[in-house]
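Down below is the structure, laid out as structure tokens.
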Amino acid sequence: MQNIKHTNPVAIGDRVQVELLQGDSHGMITYISPRDNYIIRKATKLSKISHIIAANLDHAYLIATLAQPRTSNGFIDRFLVTAAAYYIPASIIFNKIDLYNEEQLSALEGLTDIYENAGYRCYRTSAVFGEGIDKIKKLLQGKVSLFSGQSGAGKSALIKAVDATLNPRIGSLSSAHQKGMHTTTFAEMYELDDDGFIVDTPGIKEFGLIDFEKTEIHRCFPEMDRLLPFCQYKNCSHTHEPGCAVKSGLETGSISILRYNSYLSILNDS
Ligand SMILES: Nc1nc2c(ncn2[C@@H]2O[C@H](COP(=O)(O)OP(=O)(O)OP(=O)(O)O)[C@@H](O)[C@H]2O)c(=O)[nH]1
Ligand SMILES: [Mg+2]
Ligand SMILES: [Zn+2]
450 MQNIKHTNPV AIGDRVQVEL LQGDSHGMIT YISPRDNYII RKATKLSKIS
500 HIIAANLDHA YLIATLAQPR TSNGFIDRFL VTAAAYYIPA SIIFNKIDLY
550 NEEQLSALEG LTDIYENAGY RCYRTSAVFG EGIDKIKKLL QGKVSLFSGQ
600 SGAGKSALIK AVDATLNPRI GSLSSAHQKG MHTTTFAEMY ELDDDGFIVD
650 TPGIKEFGLI DFEKTEIHRC FPEMDRLLPF CQYKNCSHTH EPGCAVKSGL
700 ETGSISILRY NSYLSILNDS
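In this note's numbering, each number is its position in the sequence shown, counted from 1, plus 449.
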């Protein structure tokens, strides 16, 4: 993953030294400290060029929703894999719970089980009604956190709910398709009044993985990674090998079929 071209040499979250120029109103970045970590996406789907979304993160949160615009499982899994690929701890915030009907609430229970079993914390919030916000505030305290997800999921609205002194632009949904309108157009870091920083990002259509080795992918599915020592083959790909603990897990239900299908789909794409 080293020889990748980036569209941005300096990213949100970089720690830099600045030399002030005349009048102190302008400066020049003279040094970028080595990054503890960073998270990347492809500049465009087919592009070899990538864009560093942010650097030096403590945690990445996927803002998902089962109401408009519904976040697909595939999207959730690709986000989680991307974060794991860059060794950034990740969690899921299911937002807009005020809009969920019975069916969506029961889907939420199911998904929460799946992802918590896999090893990801799940939270539920309503940015509009303030539900679940106190918990999120605590999580963000003293940390550098990233909010990512599809346009319209409520990333900016959640930031405003967490700290009312901040003013990220909050959009509306398109009346035709109830999709987001790409209101946030560039990543921006906000300092929370409670200590901590949060990076608001533009909505992402899909996460494309970058130059990722097939053999690395199961490392990014923690529940499968945990089973690897119990597979008959040390380098088991969990697809066709005999004595595969992941395939047995599928039969007993300890591995979710949704997650396994995402695994296969990502494996096929890379
Ligand atoms: N009912 C309800 N609406 C919400 C909630 N959170 C956000 N919204 C609405 O969803 C729409 C989009 O919210 P934004 O915060 O702009 O979404 P975003 O994820 O930042 O979108 P982009 O900046 O385009 O990526 C706005 O109309 C919000 O008021 C929620 O918890 N409940
Ligand atoms: Mg936004
Ligand atoms: Zn296996």
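Here a beta-carbon is modelled for each residue, glycine too, at the ideal position from N, C-alpha and C.
Alpha carbon to alpha carbon, how far is Val648 from Gly692?
44 Å
Beta-carbon separation of Leu607 and Leu560 under 9 Å?
no
Endpoints, beta strand (DSSP E) assigned at Val593
593-597
Rounded to a whole number of angstroms, what is the C-alpha to C-alpha distance between Thr701 and Ala694?
10 Å
From Ile478, Gln471, Ser474, Ala504, pick the residue whose C-alpha is nearest to that of Arg484; which is it?
Ala504
Run through the DSSP bridge pairs and tell me what Lys628 is partnered with.
DSSP output for Lys628 lists no bridge partner at all.
Please output, in chain order, the residues near ligand 3 using a CB cut-off of less than 5 Å to any non-hydrogen atom of the ligand.
Cys680, Cys685, His687, Cys693, Val695
Below 8 Å, is the gap between the Cβ of Ile653 and the nearest heavy atom of ligand 2?
no
By the DSSP assignment, the alpha helix (DSSP H) with Lys491 in it spans what residues?
Taken as a continuous stretch (DSSP letters only), Lys491 belongs to no alpha helix (DSSP H), being part of the beta strand (DSSP E) at 487-491.
List the endpoints of the continuous beta strand (DSSP E) containing Asp642.
Note, Asp642: premise wrong, no beta strand (DSSP E); not H, not E.
I'd like the span of the beta strand (DSSP E) that includes Ile481, first residue to last.
476-481
8 Å contact criterion, which Ile726 and Val467 should meet: CB distance rounded:
Only positions 450 to 719 of the chain appear in this structure, which leaves residue 726 out of reach.
Would a C-beta distance cut-off of 9 Å place Gly536 and Leu595 closer than the cut-off?
A quick correction: the sequence has Tyr, not Gly, at residue 536. Not closer than 9 Å, so no.
Say yes only if the C-beta of Arg490 is nearer than 8 Å to one or more non-hydrogen atoms of ligand 2, and no if none qualify.
no
Count Cβ pairs between the stretch 633-640 and the stretch 676-688 that sit closer than 8 Å; are there 3 or more?
no
Kindly list the residues whose CB is nearer than 7 Å to the CB of Tyr564, restricted to its own chain and excluding five residues on each side of it in sequence; keep chain order.
Ile541, Cys571
Length of the line joining the Cα atoms of His689 and Lys696:
9 Å
Which residues mark the beginning and the end of the beta strand (DSSP E) in which Ala504 is found?
499-504
Under three-state DSSP, which class holds Asp649?
strand
Counted within 10 angstroms of its Cβ, other Cβ atoms place Gln599 as buried (16 or more) or exposed
buried
State the DSSP-derived secondary structure class of Cys669, mapped to helix, strand or coil.
helix
Which partner residues of Gln466 appear in the DSSP bridge assignment?
Tyr480
Throw me the rounded Cβ distance for the Ile489 and Ile501 pair, which I believe falls under 8 Å.
6 Å
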